[in-house]
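Beneath this line is the structure, given in structure tokens, with notes to follow.
Chains as they are written, first to last, in the working numbering: chain V, 3 to 221; chain H, 466 to 680.
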């Protein structure tokens, strides 16, 4: 019997090892897997590469992980927020590696990894600083930049409902990066509000099929 | 006769942009000034607002007691969903943008060049935290790019420039600029002023390249 639901958040997150690459779902607070991030902080894993749309707020969640200097590199589209001072200080003092990626390229590169593509040509960023040194190509009269996939060892995401096979449905704009990050990580760990029996999520409403999910934890 | 005091207010600019958004258009309003346009979309026209974080058919802000932290816009403010609206993930949302399905995107800008280059994500200042969000994707992806900005910087320099000095968001992407002093079309023949709140000669004097009077 397949059962991806887990009781102990600590045990699941203890599998996260030093030097791993971790995708964190969420756009602002919507879809942010808050409890999983807290668990990651408690796990002690360090020297991490983090992929997220932002770079943390205040001193909680991702910002707390940054503050403990456990992140060597962050890949994101929009670190600057009114309360992103933890990241700001690390960046200015050169204590963190940072790759700035346009939001659509971030999504496309994650999707490329999840769907087994070697690389993608994207129009975004052509002729800008963010395409500097990258290969370009004209295709059907439009200019494109070569970008490589972004994959991860772990994805920590938040969904709304799951069943024991790991099928997921989401809620409103909390969906954001969840479904694509789930496809691009070796071990996708999901926190959900509800675990329901098989068959209860309408198959037409399953946004992430369980094949992409390893662990489900009800919070 | 117009004069300098006749400059349009931000609400008048937003109202003017809203007039050019047609029924049935799929529209993305950038963070900041462009958000104001939503207030002036006439109720008798059906326009679908897109938000990068996965909404089509975005509605106005909710009543304080109806705020849902899982229903926000790209500026991370609470919003609502219109009947018939939909949610989708970031991959689909940006596919929609890059795939040229969004009819109009309204963005703010630091500078726009005479050939339609846009600079709106970084002033290139040392120690500034670089952040780009979805600006570059929107600038290359939407069918039409409208810019809303003041014509002059706080120091009185023209934000319409021969060549952008700030880092570019995208090249040759801007179609129309709605400013407090004039509305300008970026065309292959040059930059055409299609409406002006100040005398044309005065506008030309402030601008570092030749404008075409087209009103």
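Backbone N, C-alpha and C define an ideal beta-carbon position, used for all residues, glycine too.
Contacts around residue i, its chain only, beta-carbon distance under 6 Å, and the 5 residues preceding and following it disregarded
{"i": "residue 193 of chain V", "result": "35, 37, 38, 160, 219, 221"}
{"i": "residue 155 of chain V", "result": "22, 23, 188"}
{"i": "residue 473 of chain H", "result": "645, 662"}
{"i": "residue 501 of chain H", "result": "479"}
Other residues of its chain near residue i: CB distance less than 7 Å, five sequence neighbours each side excluded
{"i": "residue 499 of chain H", "result": "571, 572, 573, 613"}
{"i": "residue 182 of chain V", "result": "109, 112, 113, 116"}
{"i": "residue 652 of chain H", "result": "none"}
{"i": "residue 211 of chain V", "result": "169"}
{"i": "residue 598 of chain H", "result": "none"}
{"i": "residue 668 of chain H", "result": "646, 647, 658, 661, 676"}
{"i": "residue 99 of chain V", "result": "74, 75"}
Cβ neighbours of residue i in the same chain (closer than 8 Å, five flanking residues each side left out)
{"i": "residue 125 of chain V", "result": "144, 145, 146, 147"}
{"i": "residue 519 of chain H", "result": "552, 553, 554, 555, 557, 558"}
{"i": "residue 175 of chain V", "result": "29, 32, 33"}
{"i": "residue 545 of chain H", "result": "523, 524, 525, 526, 527, 531, 536"}
{"i": "residue 488 of chain H", "result": "510, 511, 512"}
{"i": "residue 466 of chain H", "result": "The pLDDT assigned to residue 466 of chain H is 43, lower than 50, so where the model puts this residue is not dependable; a value taken from the coordinates is nonetheless given after this. Excluding positions up to five away in sequence, the list reads 664."}
Minimum Cβ-Cβ distance from residue i to chain H less than 8 Å
{"i": "residue 105 of chain V", "result": "yes"}
{"i": "residue 174 of chain V", "result": "yes"}
{"i": "residue 214 of chain V", "result": "no"}
{"i": "residue 193 of chain V", "result": "no"}
{"i": "residue 72 of chain V", "result": "no"}
{"i": "residue 81 of chain V", "result": "yes"}
{"i": "residue 102 of chain V", "result": "yes"}
{"i": "residue 32 of chain V", "result": "yes"}
{"i": "residue 109 of chain V", "result": "yes"}
{"i": "residue 90 of chain V", "result": "yes"}
{"i": "residue 93 of chain V", "result": "yes"}
Chain V contact for residue i (CB, 8 Å cutoff)
{"i": "residue 574 of chain H", "result": "no"}
{"i": "residue 596 of chain H", "result": "yes"}
{"i": "residue 612 of chain H", "result": "no"}
{"i": "residue 533 of chain H", "result": "yes"}
{"i": "residue 547 of chain H", "result": "no"}
{"i": "residue 651 of chain H", "result": "no"}
{"i": "residue 525 of chain H", "result": "no"}
{"i": "residue 564 of chain H", "result": "no"}
{"i": "residue 504 of chain H", "result": "no"}
{"i": "residue 632 of chain H", "result": "yes"}
{"i": "residue 466 of chain H", "result": "With a pLDDT of 43 at residue 466 of chain H, under the threshold of 50, the predicted position of this residue should be treated as unreliable, and no value is reported."}
{"i": "residue 493 of chain H", "result": "no"}
{"i": "residue 605 of chain H", "result": "yes"}
{"i": "residue 581 of chain H", "result": "no"}
{"i": "residue 585 of chain H", "result": "no"}
Element boundaries [alpha helix (DSSP H), containing residue i]
{"i": "residue 606 of chain H", "result": "600-606"}
{"i": "residue 37 of chain V", "result": "36-45"}
{"i": "residue 146 of chain V", "result": "Here residue 146 of chain V belongs to no alpha helix (DSSP H); instead the beta strand (DSSP E) covers 144-149."}
{"i": "residue 89 of chain V", "result": "87-94"}
{"i": "residue 68 of chain V", "result": "64-69"}
{"i": "residue 597 of chain H", "result": "Unbroken run through residue 597 of chain H: none, as it is neither H nor E."}
Delimiting residues of the beta strand (DSSP E) encompassing residue i
{"i": "residue 25 of chain V", "result": "23-26"}
{"i": "residue 650 of chain H", "result": "647-652"}
Residue i: contacting residues in chain H (beta-carbon distance under 9 Å)
{"i": "residue 29 of chain V", "result": "517, 518, 519, 537, 539, 541, 555"}
{"i": "residue 123 of chain V", "result": "Correct list: empty, because the minimum Cβ distance to chain H is about 11 Å."}
{"i": "residue 153 of chain V", "result": "Correct list: empty, because the minimum Cβ distance to chain H is about 14 Å."}
Residues that residue i contacts on chain H, provided the C-beta gap is smaller than 8 Å
{"i": "residue 180 of chain V", "result": "554"}
Cross-chain neighbours of residue i in chain V, by beta carbon under 9 Å
{"i": "residue 636 of chain H", "result": "128, 129, 130, 145"}
{"i": "residue 472 of chain H", "result": "What residue 472 of chain H touches in chain V: nothing, since even the nearest Cβ is about 30 Å away."}
Interface residues of chain V facing residue i [CB-CB closer than 8 Å]
{"i": "residue 496 of chain H", "result": "The premise fails here: residue 496 of chain H is roughly 10 Å from chain V at the closest Cβ pair, so nothing lies under 8 Å."}
Closer than 8 Å to chain A by CB, residue i
{"i": "residue 478 of chain H", "result": "Looking for chain A here will not work: the only protein chains present are V and H."}
### Message
So, does the segment 592-605 of chain H touch the segment 473-485 of chain H, judging by three or more C-beta pairs under 8 Å?
### Response
no
### Message
Does the segment 125-136 of chain V come into contact with the segment 169-178 of chain V, if we say contact requires no fewer than three beta-carbon pairs (one atom in each stretch) closer than 8 Å?
### Response
no
#### Entry: Three-pair Cβ contact test at 8 Å for the segment 51-63 of chain V versus the segment 73-91 of chain V
yes
### Message
Does the segment 577-586 of chain H come into contact with the segment 634-645 of chain H, if we say contact requires no fewer than three beta-carbon pairs (one atom in each stretch) closer than 8 Å?
### Response
yes
### Query
Is the number of C-beta pairs between the segment 93-108 of chain V and the segment 620-629 of chain H that are closer than 8 Å three or more?
no
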